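Read through the structure below, which is laid out as C-alpha cells, and then see the notes.
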Amino acid sequence: IRVNVFEHCCYTVHPENEDWTCFEQSASMDIKSFFGFESTAEKIAMKQYATSIKKGKEIIEFHLKQLEEEGITHVPRWAPPPAPTPSHALPVSSARAIPACSSRAHPGSTDVLPGSPDDKLDADYISRYLGKLTPFQESCLIRLRQWLQETHKGKIPKDQHVLRFLRSRDFNLEKAKEALCQTLTWRKQHQIDFLLDTWQCPQLLQDYYTGGWHHHDKDGRPLYILRLGQMDTKGLVRVLGEETLLRHVLSINEEGLRHCEENTKIFGKPISCWTCLVDLEGLNMRHLWRPGIKALLRMIELVGANYPETLGRLLILRAPRVFPVLWTLVSPFIDENTRKKFLIYAGNDYQGPGGLVDYINRDFIPDFLGGDALCDVPEAGLVPKSLYRTAEELENEELKLWSETIYKSASVLKGAPHEVLIEITEVSSVITWDFDVCKGDVIFNIYHSRRAPQPVKRDGLSAHNLACPAGNNVQLIDRSWMLGQDYSMVETALSCREGESVQVRSLMKPVRNINMAHISL
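FYI, the UniProt record's numbering numbers position 252 of the sequence shown as 252, with every residue one higher than the one before it.
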C-alpha cells in the first residue's frame with residue numbers, strides 16, 4: 001500500500017479588519033497502490049474528508065449560536081498579560097457568589113412541552129417496552145410522537161422505532177425528525193410495510209444464500225447467522241442482480257423487527273435490536289469483486305438510513321488475512337456508533353474465554369462453530385455459471401422491481417410548480433391525492449377547466465437539463481391563462497408543512513371537466 005496525503009492549514013489576519021481571522025485549508029492525496037482498489041479508496045477518503053469538514057463547521061456554528069443566545073456579540077482579541085513587577089503587588093479580590101450554570105448540552109430542548117395526560121408515557125410502559133429513559137429523552141420521544149400524529153395521516157411508527165431514530169441522532173430532535181420523515185416517505189414509496197407479505201424469495205436464493213435466523217443470544221436478542229465466507233457473492237449478483245439481493249436484505253431487517261417484538265413479549269423486557277454472527281471461514285479475493293463490494297456498500301447505506309440502532313452486536317469469526325482489505329473498504333460507510341458494536345476474532349480465538357460463550361448460550365452455538373445446536377444455514381457452494389445472466393437482462397429485471405410503485409417524485413422550487421392532470425369522464429367523481437412533503441413547505445391547489453392544457457414547453461437550457469429550476473417537475477397551466485376565465489379554483493388552497501403526509505379527497509361537480517393538482521412553494 002502506497003498512499004501520500006498532504007494537508008495545509010493557515011490562519012491569517014483579514015486584510016480589511018484586523019479583528020477578523022481568515023482560515024484556509026487545502027489537502028491533496030495520491031494513491032499509488034491499494035490492492036487494485038485505488039479509485040474506490042479515493043472516493044472513500046474524499047467522503048470522509050468532506051464529513052470531517054462538515055462536522056467541524058457544525059461545531060463552530062453551534063458555539064457561535066451559544067454566544068448569540070448569551071448576548072455576546074464581540075469577543076476581544078487575546079493579549080498576553082503584562083509581566084508582573086516586584087513593585088506591584090497583586091490585589092486581593094473580594095468573594096462573590098457564582099450563579100448556577102444551566103445545562104448547555106441541549107439548548108432549549110430540555111423543556112417538556114405542556115400537554116394533556118395522554119401525552120405522557122406511563123412508567124410501566126417505558127420499563128416494559130422501551131427501557132430506561134431520562135426525562136429529556138422521554139420528552140424528545142413525546143414531542144416527536146406528537147409531531148408525527150399532527151403531520152402524518154397514515155400509519156405512524158411504533159414508539160420503539162421512533163426511539164431508534166432519536167438514539168441514532170443522539171436525541172437531536174430536528175435531525176431525528178428529518179431522518180424519520182425521509183424513511184417514512186421511502187417506506188411508503190416502495191411499499192415496505194407490505195414487503196413480508198408480498199416478497200417471494202427466489203428458489204436460487206434459498207439454495208445459495210448462506211444466512212438465517214437462529215435462536216437468540218444471552219440478552220434475548222434475535223440471532224442472525226451469516227456464513228459470508230461460504231457465499232458465492234459474485235454468482236448471486238450475476239444471476240439475481242443487485243436489486244433482488246437488496247430486497248432480500250430488506251426483508252431480513254423487517255423480519256428482525258418482528259422478532260424483536262416477539263422476544264420483548266417472551267422475555268418480558270424491551271428488546272429493540274438483534275445480534276449478527278458473521279463467519280468468514282473461506283473468505284478470499286473472490287469476495288472482493290468490485291460489483292459485489294458496490295452492492296454491499298449500497299446495502300449498508302440503505303440499512304443504516306432506514307433501520308438505525310437495530311444492530312446490538314456483530315460477532316465476526318475466523319477472519320482471514322484478506323479481511324483487513326475488506327474492512328478498509330467497508331468501514332468508512334458504517335456509522336461510528338455501529339462500529340463500536342463489532343467484535344472481531346481471528347482463527348479459533350472465539351472458542352476461548354471472551355469468545356462466543358460470553359454472548360451466546362452453549363446450547364445455541366452452531367455445530368459448525370463447535371457447538372451442539374443444529375443450524376439450518378447451509379454451506380451452499382458456487383452458483384453454476386450456466387445460470388449467469390447478461391447485464392441487460394439484469395437491468396431490465398431491476399427496473400421492474402423498483403418501478404412497482406404508484407408514487408412518483410417531483411422537485412418543486414419557487415416559480416417552478418408541479419402540476420398533475422386528471423380527466424374526469426364520469427359525473428360526481430371523487431378524486432384522491434396522496435403525497436408527502438419531504439423538504440420545505442408547499443401549497444396545494446386543485447383547479448378545474450373545460451379544456452385540457454398542454455405541457456409548458458421548456459426553453460433550450462431546460463431541454464438539455466442546464467440551469468433547469470426543477471428537473472422533474474411538470475407545468476401544465478399556460479402563463480396566458482387567467483384564473484376565473486380559463487380555469488377556476490375548486491377549493492381553498494391547502495398549506496402543507498415539511499414532513500407532512502397529506503391525503504386530500506374532492507367531490508367533483510356533476511359535469512365533465514379537466515382537473516389539475518397544483519403544488520408550489
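For each residue, glycine too, the CB sits at the ideal point set by N, CA and C.
Since we're looking at a predicted model, the values are computed, not measured.
Counting only the Cα atoms, F165 lies some 45 Å from S449. Shown here, A27 sits in a strand according to DSSP, grouped into three states. Under the rule that a run must span 4 or more residues, the alpha helix (DSSP H) segments found entirely inside the stretch 163–202 read 173–189, 195–198. Going by beta carbons, F37 and R290 fall inside the 9 Å limit. Taking C-alpha positions only, L494 is separated from S480 by approximately 24 Å.
Within the model, the alpha-carbon separation for S429 versus R451 is close to 18 Å. In the DSSP annotation of this structure, V412 is not part of any alpha helix (DSSP H), being labelled neither H nor E. In this structure, L296 sits away from Y350, with a CB-CB distance that is not shorter than 9 Å. Excluding five sequence positions before and after H214, the CB atoms of its chain that fall closer than 6 Å to its own CB belong to L223, I225, C375, given in chain order. Secondary structure within the stretch 123–168: the alpha helix (DSSP H) runs of 4 or more consecutive residues, fully enclosed, are 135–151, 159–168 (chain order). By the Cβ test, the stretch 187–199 is in contact with the stretch 251–259, since at least three Cβ pairs between them sit closer than 8 Å.
The shortest C-alpha to C-alpha distance from M482 to any of Y447, V474, F267 is the one to Y447.
Contact annotation: V383 and R286 have beta-carbon atoms that are not nearer than 9 Å.
The beta carbon of K341 lies closer than 8 Å to those of L311, G312, R313, L314 in the same chain, with the five residues before and after it left out. R497 is a Cβ neighbour of T151, given a cutoff of 9 Å.
DSSP places W327 inside the alpha helix (DSSP H), whose first and last residues are 323–330. Taking a contact as a CB-CB distance under 8 Å, the pair P332 and K47 counts as one, their CB atoms being some 7 Å apart.
In the displayed model, L288 falls within a helix according to three-state DSSP. In chain order, R2 place their CB closer than 6 Å to the CB of K32, counting only its own chain and leaving out the 5 sequence neighbours on each side. In the displayed model, Y350 falls within a helix according to three-state DSSP. Nearest to K385 by C-alpha distance, out of G415, K294, K218, L236, is L236.
Boundaries of the beta strand (DSSP E) around H215: 211–216. If you check the CB distance, P320 and N284 come in under 9 Å.
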